[in-house]
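Peer 1:
Protein chains: 2
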Amino acid sequence: MAESMNGAESLVRSLIASDVDVCFTNPGTSEMHFVAALDSVPGMRCVLALFEGVATGAADGYYRMAEKPASTLLHLGPGLANGLANLHNAKKAGSGVVNIVGEHATAHIALDAPLTSDIEGLSWPMSHWVKTSTDAKEVGKAGAEAVAAARTPPGQIATLILPGDTAWNEGAGVADALPVPARTAVEDASIDAAAAALSGPDSLLLLGGDALSEANLDLAGKIAAKTGCGLLTEWSNARLRRGAGRVEVNRIPYVVEMALEVLAPYKRIVLMGASRPIAFFAYPNKPGILTAADVEFTEVASLGDDIAAALDGLAQATGAASAKTQGVVSPHLPDLPNGAPHLDGIAAVIANCIPKNGIVVDESVTTGRAFFPTTKGAAPHDWLNNRGGSIGYGMPVAIGAAIACPDRKVLAQIGDGSAMYTQQSLWTMARENLDITVVIFANRTYKILQGELTNVGVQNPGPRAVDMLTIARPELNFVDMARGMGVEGQRVENLEGFAKALKAGLDSEGPYLVELMM
Amino acid sequence: MAESMNGAESLVRSLIASDVDVCFTNPGTSEMHFVAALDSVPGMRCVLALFEGVATGAADGYYRMAEKPASTLLHLGPGLANGLANLHNAKKAGSGVVNIVGEHATAHIALDAPLTSDIEGLSWPMSHWVKTSTDAKEVGKAGAEAVAAARTPPGQIATLILPGDTAWNEGAGVADALPVPARTAVEDASIDAAAAALSGPDSLLLLGGDALSEANLDLAGKIAAKTGCGLLTEWSNARLRRGAGRVEVNRIPYVVEMALEVLAPYKRIVLMGASRPIAFFAYPNKPGILTAADVEFTEVASLGDDIAAALDGLAQATGAASAKTQGVVSPHLPDLPNGAPHLDGIAAVIANCIPKNGIVVDESVTTGRAFFPTTKGAAPHDWLNNRGGSIGYGMPVAIGAAIACPDRKVLAQIGDGSAMYTQQSLWTMARENLDITVVIFANRTYKILQGELTNVGVQNPGPRAVDMLTIARPELNFVDMARGMGVEGQRVENLEGFAKALKAGLDSEGPYLVELMM
Numbered sequence: 001m002a003e004s005m006n007g008a009e010s011l012v013r014s015l016i017a018s019d020v021d022v023c024f025t026n027p028g029t030s031e032m033h034f035v036a037a038l039d040s041v042p043g044m045r046c047v048l049a050l051f052e053g054v055a056t057g058a059a060d061g062y063y064r065m066a067e068k069p070a071s072t073l074l075h076l077g078p079g080l081a082n083g084l085a086n087l088h089n090a091k092k093a094g095s096g097v098v099n100i101v102g103e104h105a106t107a108h109i110a111l112d113a114p115l116t117s118d119i120e121g122l123s124w125p126m127s128h129w130v131k132t133s134t135d136a137k138e139v140g141k142a143g144a145e146a147v148a149a150a151r152t153p154p155g156q157i158a159t160l161i162l163p164g165d166t167a168w169n170e171g172a173g174v175a176d177a178l179p180v181p182a183r184t185a186v187e188d189a190s191i192d193a194a195a196a197a198l199s200g201p202d203s204l205l206l207l208g209g210d211a212l213s214e215a216n217l218d219l220a221g222k223i224a225a226k227t228g229c230g231l232l233t234e235w236s237n238a239r240l241r242r243g244a245g246r247v248e249v250n251r252i253p254y255v256v257e258m259a260l261e262v263l264a265p266y267k268r269i270v271l272m273g274a275s276r277p278i279a280f281f282a283y284p285n286k287p288g289i290l291t292a293a294d295v296e297f298t299e300v301a302s303l304g305d306d307i308a309a310a311l312d313g314l315a316q317a318t319g320a321a322s323a324k325t326q327g328v329v330s331p332h333l334p335d336l337p338n339g340a341p342h343l344d345g346i347a348a349v350i351a352n353c354i355p356k357n358g359i360v361v362d363e364s365v366t367t368g369r370a371f372f373p374t375t376k377g378a379a380p381h382d383w384l385n386n387r388g389g390s391i392g393y394g395m396p397v398a399i400g401a402a403i404a405c406p407d408r409k410v411l412a413q414i415g416d417g418s419a420m421y422t423q424q425s426l427w428t429m430a431r432e433n434l435d436i437t438v439v440i441f442a443n444r445t446y447k448i449l450q451g452e453l454t455n456v457g458v459q460n461p462g463p464r465a466v467d468m469l470t471i472a473r474p475e476l477n478f479v480d481m482a483r484g485m486g487v488e489g490q491r492v493e494n495l496e497g498f499a500k501a502l503k504a505g506l507d508s509e510g511p512y513l514v515e516l517m518m
Numbered sequence: 001m002a003e004s005m006n007g008a009e010s011l012v013r014s015l016i017a018s019d020v021d022v023c024f025t026n027p028g029t030s031e032m033h034f035v036a037a038l039d040s041v042p043g044m045r046c047v048l049a050l051f052e053g054v055a056t057g058a059a060d061g062y063y064r065m066a067e068k069p070a071s072t073l074l075h076l077g078p079g080l081a082n083g084l085a086n087l088h089n090a091k092k093a094g095s096g097v098v099n100i101v102g103e104h105a106t107a108h109i110a111l112d113a114p115l116t117s118d119i120e121g122l123s124w125p126m127s128h129w130v131k132t133s134t135d136a137k138e139v140g141k142a143g144a145e146a147v148a149a150a151r152t153p154p155g156q157i158a159t160l161i162l163p164g165d166t167a168w169n170e171g172a173g174v175a176d177a178l179p180v181p182a183r184t185a186v187e188d189a190s191i192d193a194a195a196a197a198l199s200g201p202d203s204l205l206l207l208g209g210d211a212l213s214e215a216n217l218d219l220a221g222k223i224a225a226k227t228g229c230g231l232l233t234e235w236s237n238a239r240l241r242r243g244a245g246r247v248e249v250n251r252i253p254y255v256v257e258m259a260l261e262v263l264a265p266y267k268r269i270v271l272m273g274a275s276r277p278i279a280f281f282a283y284p285n286k287p288g289i290l291t292a293a294d295v296e297f298t299e300v301a302s303l304g305d306d307i308a309a310a311l312d313g314l315a316q317a318t319g320a321a322s323a324k325t326q327g328v329v330s331p332h333l334p335d336l337p338n339g340a341p342h343l344d345g346i347a348a349v350i351a352n353c354i355p356k357n358g359i360v361v362d363e364s365v366t367t368g369r370a371f372f373p374t375t376k377g378a379a380p381h382d383w384l385n386n387r388g389g390s391i392g393y394g395m396p397v398a399i400g401a402a403i404a405c406p407d408r409k410v411l412a413q414i415g416d417g418s419a420m421y422t423q424q425s426l427w428t429m430a431r432e433n434l435d436i437t438v439v440i441f442a443n444r445t446y447k448i449l450q451g452e453l454t455n456v457g458v459q460n461p462g463p464r465a466v467d468m469l470t471i472a473r474p475e476l477n478f479v480d481m482a483r484g485m486g487v488e489g490q491r492v493e494n495l496e497g498f499a500k501a502l503k504a505g506l507d508s509e510g511p512y513l514v515e516l517m518m
């Protein structure tokens, strides 16, 4: 313990000592000591957001790419509440996040001031770990505990609530970092069972989480080559390496009928970082479980297990370790299309534009559902999807990814309805001059819901129902909105214009927005 | 019970039968049956928002002006989460809201689909009443119960969670409306105690809630005339009638030192719909309780009590019933100022522009703190403040107020930092062609936080702390953003331009935005 410091400074220094050196924030009065501490403590990069959902989503994207947590700084219960939807997404993605939530000073809570609320109650539904610090001398230690909780594999949401007096009272110096919790080893018996299950084209190796790294995909490709099993991933993945030179794995489709068809051939399914396939939503007279009752599952590794070792063991147990990897994609760029936008054409433009080592953040909802076949031969890249299903995830995750990887280009493809949830993100992109190109697919509807109306059994929706799914009245103009937040952009109406604008955006060093009118 | 209908239609019809006929919504798949029911059921006005915080804030504003609840329709846990901050504000304002939150079908919840979360857990911190309906035949009745809960004085947050199968299964027709719960009568002994306490200028009648209606203010003015007591309100009120012809009541200031000074003269304080004065935040070495330890409080009526009858009784008990009301404001408009914006000048412009019977929604945070003296002689109007302190309340509340009162003009004055929280509101204003003029006070900082840094004891904040409170980099342009959402507007840089633009906005029939550069 060195010189005198208050609780807030002790917390900031302890976070840094635990290797948490980025903070996505929208602070308020109760967080002012934390903000003040930033001036006296070097080493914490603070990124301001104009809405808390941007901050929490950015922390999700940061974890996916940096593989270590960032912190958020949020203002009391309502500030946390504004960030909960993207914490939900982060939780489902297995991302680790350290939330610091300011609270009234301990003596003030009983007075029921306007901003008083049940912060712990708000925290629990979207957190794995929650603690209210009640003593300035314990705050540094609590920070180290929060980081350890957030780093518990695959990554957890840790929420530390900091009453004002524990920030401003005298602290107890810098807490040591706690050990980073290890992934759980998979037992040999599971690996042997999986090896027995994988034989022939009626067996499937379903991959998720850490199984989607480049090296692990290579192992999966060897196993497929040796055993003849199929390879698939879930509909949404936190981070999938794909493109030329990587092993191709396709996603189980979102649409129930298509998912049933894709999964029908398989009698034995080995789960490697993935869960049993289920439908995104329930519908009347459709199954929620996407596999037949007699399918045999072998659950080898969940998201937090040592998937790399398990895949390695499985390659050995199947005799695949020295096999030639199957399914490696050759470089291939489709011809650049012209004319009015259509889904295959949009995919072809994107395939041509994905930068080498680029990061694609995909919140295209309906438009991008079938981009995989067309984009598979693009330059190698990472593809990030939303595992929580709460819209408004894409632009914030792009921010976090860009800050985690300053040398890589980010392409965020977002549906217009989703983009409106967290469009404040554009301002942070401009402020931090992040190398992100945002593509807005402007179909001017909640298009997914038009299909969902049919799925739930409404065959001929009337005008009032349709009106609730239509966002064309008035027409949104994302170029105007982006300009208002300091981001340049352009609107395009055909595929040749889209290709030119997308290339211009990606060639620039800072943020750029392309609004594709569909 | 008439013809066959599913649970969703039974719910919509039951809400209408309970006099809930407005729904602020952002629906998703799990709410599709509710949306479909809107076509077969006349009488429910559905207002689409592009973000749930807009929907819940609009329901707050609607209740304040219509004095009956609207419903919201929200998509699962994350959709509710996005609406929680403005539900917090509504709860603190004593506004009644009926939230309908879609949930996965009962059988699907156990599958832990991407959007699964603990909806009841998320609901409780911001709700007074929570129920998950588990039977389509009970849904209509649950709707009627939710309305009764929301109408429990002064108004409560009722959250009804609706699993998909209870929406699509066969319902049990329309549930009868339940009786509207009455306000609690105040006992004579309390009124007698208050009458004894109010004597001379060292006594204060502190008014809140229903005490701020025109008739009740008139009674308060008589009591003040007769007893010599002072009249004040809390810092924030859900709805205060003021302007020419109304009794003037000032607010207890936000700043602790000013509040202490204003309250110092009073030895006896009678609470009539108000709470004991406390500070908004706690600060090191400042009191949280704003009154001396020896002040005698008489708590006559809380927000949900029959304040009108209590004031009437108090007027009789003090012999004030036939007194001449004191403090009625004469019409007075200050001279229109010119030149660079300054706070008194801005207030003078607003005083001149407030329309007769207008509704002022105030989220000006720092800029508008001292507008009351200058605007007191303006045309009679309602003034709405944020009682929950979570920013982003103003534009949504303006939407709800405009829908509740289509014949009245709404002036929403919003700080730029606050406006960015729920700027999606502008689109709904355009879509519904609401008669709202939005004024953005563009000081390009979280200005309140600059003061709060000093308040918490940071005398010389460094560049990194100041940077976290500054939103000038990049500069926001609200006129561009508004245009992108279908709302016309203009930016003004001096007071004469402000007056002209504000008048033009208020003279128009639809939404308009004025961005005042400060």
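Residue numbers (the numbering used here), protein chains in the order written: chain A, 1 to 518; chain B, 1 to 518. C-beta atoms are modelled at their ideal positions from N, C-alpha and C, and glycine is treated no differently.
1. Exposed or buried, which one is Thr-184 (chain A) when buried takes at least 16 other CB atoms within 10 Å?
2. Exposed or buried, which one is Ala-2 (chain B) when buried takes at least 16 other CB atoms within 10 Å?
3. Can you tell me whether Arg-242 (chain B) is buried or exposed, with buried defined as 16 or more other CB within 10 angstroms of its CB?
4. Applying a beta-carbon distance threshold of less than 7 Å, which residues of chain A neighbour Ala-185 (chain B)?
5. What separation, rounded to the nearest whole angstrom, lies between the Cα atoms of Pro-396 (chain B) and Ala-504 (chain B)?
6. Any idea which residues DSSP pairs Lys-131 (chain B) with across the strands?
7. Are the beta-carbon atoms belonging to Val-174 (chain B) and Gly-230 (chain B) less than 9 Å from one another?
8. What are the residues in the region 259-292 of chain B lying within 9 Å of chain A by C-beta distance?
9. Got a sec? Which residues, its chain only, sit under 6 Å from Phe-498 (chain B) by beta carbon, not counting five neighbours each side?
10. So, with DSSP's three-state summary, where would you put Ile-289 (chain B)?
11. Nearest to Leu-290 (chain B) by CA position, among B:Ile-269, B:Trp-124, B:Ala-301, B:Gly-273, is which residue?
12. Can the beta-carbon of Ala-167 (chain B) be found less than 9 Å from the beta-carbon of Ala-8 (chain B)?
13. Over what stretch of residues does the alpha helix (DSSP H) that includes Arg-45 (chain B) continue unbroken?
14. Report the neighbours of Glu-475 (chain B) on chain A: residues whose CB is nearer than 9 Å to its CB, in chain order.
15. Ends of the alpha helix (DSSP H) at Ile-448 (chain B)?
16. Within 10 angstroms of its Cβ, does Lys-356 (chain B) collect 16 or more other Cβ (buried), or is it exposed?
17. Whole angstroms is fine: what's the gap from Ala-196 (chain A)'s alpha carbon to Ile-278 (chain A)'s?
18. Look up Arg-183 (chain B) in the DSSP assignment and say whether it is helix, strand or coil.
19. Along the region 45-58 of chain A, where does the CB come closer than 9 Å to a CB of chain B? Name the residues.
20. Tell me which residues of the region 418-446 of chain A have at least one Cβ-Cβ distance to chain B shorter than 9 Å, keeping chain order.
21. Take Ala-158 (chain B) and list the residues in its own chain whose beta-carbon comes closer than 6 Å to its own, dropping the five residues that flank it on each side.
22. Please return the same chain residues whose Cβ sits closer than 8 Å to the Cβ of Ser-133 (chain B), not counting the five positions on each side in sequence.
23. How many angstroms separate the CA atom of Ala-309 (chain B) from the CA atom of Ser-117 (chain A)?
24. If the cut is a Cβ gap below 7 Å, which residues of chain B does Ala-301 (chain A) touch?
25. I need the boundaries of the beta strand (DSSP E) containing Tyr-512 (chain A), first residue and last residue.
26. In this structure, does DSSP put Ile-16 (chain B) in helix, strand or coil?
27. In three-state DSSP terms, what is Glu-170 (chain B)?
28. Is it buried or exposed for Ser-30 (chain B), if we count other Cβ within 10 angstroms and need 16 for buried?
29. What is the rounded straight-line gap between the Cα of Leu-271 (chain A) and the Cα of Phe-478 (chain A)?
30. On the CB-based measure, 16 or more other CB atoms within 10 Å of its CB, does Asn-82 (chain A) come out buried or exposed?
Peer 2: The answer reads as follows:
1. Mapped onto the first sequence, residue 184 (chain A) falls at position 184. Counting Cβ neighbours within 10 Å, Thr-184 (chain A) comes out exposed, since fewer than 16 surround it.
2. Here residue 2 (chain B) refers to the residue found at position 2 of the second sequence. At Ala-2 (chain B) the pLDDT is 49, less than 50, meaning the model places this residue with poor confidence and gives no usable figure here.
3. Along the second sequence, read from residue 1 onward, the residue named residue 242 (chain B) stands at position 242. Buried: at least 16 other Cβ atoms inside 10 Å.
4. The residue labelled residue 185 (chain B) in the question sits at position 185 within the second sequence. Chain A residues near Ala-185 (chain B): none, gap ~24 Å exceeds 7 Å.
5. The count along the second sequence starts at 1 and reaches residue 396 (chain B) at position 396. The count along the second sequence starts at 1 and reaches residue 504 (chain B) at position 504. Rounded to whole angstroms, Pro-396 (chain B) to Ala-504 (chain B) spans 22 Å at the Cα level.
6. Here residue 131 (chain B) is taken as the residue at index 131 of the second sequence, counted from 1. BP columns for Lys-131 (chain B) point to B:Leu-160.
7. Mapped onto the second sequence, residue 174 (chain B) falls at position 174. Mapped onto the second sequence, residue 230 (chain B) falls at position 230. Result no, Cβ atoms of Val-174 (chain B) and Gly-230 (chain B) do not sit closer than 9 Å.
8. Ser-275, Arg-276, Ile-278, Ala-279, Phe-280, Phe-281, Ala-282, Tyr-283, Pro-284, Gly-288, Ile-289
9. One-based indexing of the second sequence puts residue 498 (chain B) at position 498. So the list reads Val-349, Val-492, Leu-516, once near-sequence residues are dropped.
10. The residue labelled residue 289 (chain B) in the question sits at position 289 within the second sequence. Three-state DSSP puts Ile-289 (chain B) in a strand.
11. Here residue 290 (chain B) refers to the residue found at position 290 when the second sequence is read from its first residue. Scanning B:Ile-269, B:Trp-124, B:Ala-301, B:Gly-273 for the CA closest to the CA of Leu-290 (chain B) turns up B:Ile-269.
12. Against the second sequence, residue 167 (chain B) aligns to sequence position 167. Against the second sequence, residue 8 (chain B) aligns to sequence position 8. Closer than 9 Å, so yes.
13. Position 45 of the second sequence, counted from the start, is the residue given in the question as residue 45 (chain B). It is not in any alpha helix (DSSP H) - Arg-45 (chain B) instead sits in the beta strand (DSSP E) that spans 45-48.
14. Along the second sequence, read from residue 1 onward, the residue named residue 475 (chain B) stands at position 475. Against chain A, a Cβ distance below 9 Å from Glu-475 (chain B) picks out Gly-486.
15. By 1-based counting over the second sequence, the position of residue 448 (chain B) is 448. Counting along the chain, the alpha helix (DSSP H) containing Ile-448 (chain B) begins and ends at 447-455.
16. Reading the second sequence from its first residue, position 356 is the one you call residue 356 (chain B). With fewer than 16 other Cβ atoms within 10 Å, it is exposed.
17. To locate residue 196 (chain A), count along the first sequence from 1; it is residue 196. To locate residue 278 (chain A), count along the first sequence from 1; it is residue 278. Going by the C-alpha atoms only, they are around 24 Å apart.
18. Locating residue 183 (chain B) in the second sequence gives position 183, counting from the first residue. DSSP places Arg-183 (chain B) in coil when its eight states are reduced to three.
19. Cys-46, Leu-48, Leu-50, Phe-51, Glu-52, Gly-53
20. Met-420, Tyr-421, Thr-422, Gln-423, Gln-424, Trp-427, Ala-430, Arg-431, Tyr-446
21. By 1-based counting over the second sequence, the position of residue 158 (chain B) is 158. Same-chain partners within the cutoff: Val-98, Trp-129, Ala-146, Ala-149, Ala-150.
22. Numbered from its first residue, the second sequence carries residue 133 (chain B) at position 133. Within its own chain, the residues whose Cβ lies closer than 8 Å to the Cβ of Ser-133 (chain B), once the five positions on either side in sequence are excluded, are Gly-7, Val-139, Ala-142, Leu-160, Ile-161, Leu-162, Pro-163, Thr-166, listed in chain order.
23. As a first step, residue 309 (chain B) must be located in the second sequence, where it is residue number 309. As a first step, residue 117 (chain A) must be located in the first sequence, where it is residue number 117. Computed Cα separation, rounded: 31 Å.
24. Residue 301 (chain A) sits at position 301 when you count from the first residue of the first sequence. In chain order: nothing, as chain B lies at least about 17 Å away.
25. Reading the first sequence from its first residue, position 512 is the one you call residue 512 (chain A). Here the beta strand (DSSP E) through Tyr-512 (chain A) covers 512-517.
26. Residue mapping note: residue 16 (chain B) aligns to position 16 of the second sequence, counting from 1. Correct three-state label for Ile-16 (chain B): helix.
27. Here residue 170 (chain B) refers to the residue found at position 170 when the second sequence is read from its first residue. Strand at Glu-170 (chain B).
28. One-based indexing of the second sequence puts residue 30 (chain B) at position 30. Taking every protein chain shown into account, the CB of Ser-30 (chain B) has 16 or more other CB atoms within 10 angstroms, so this residue is buried.
29. By 1-based counting over the first sequence, the position of residue 271 (chain A) is 271. By 1-based counting over the first sequence, the position of residue 478 (chain A) is 478. Going by the C-alpha atoms only, they are around 41 Å apart.
30. Here residue 82 (chain A) refers to the residue found at position 82 of the first sequence. It counts as buried.
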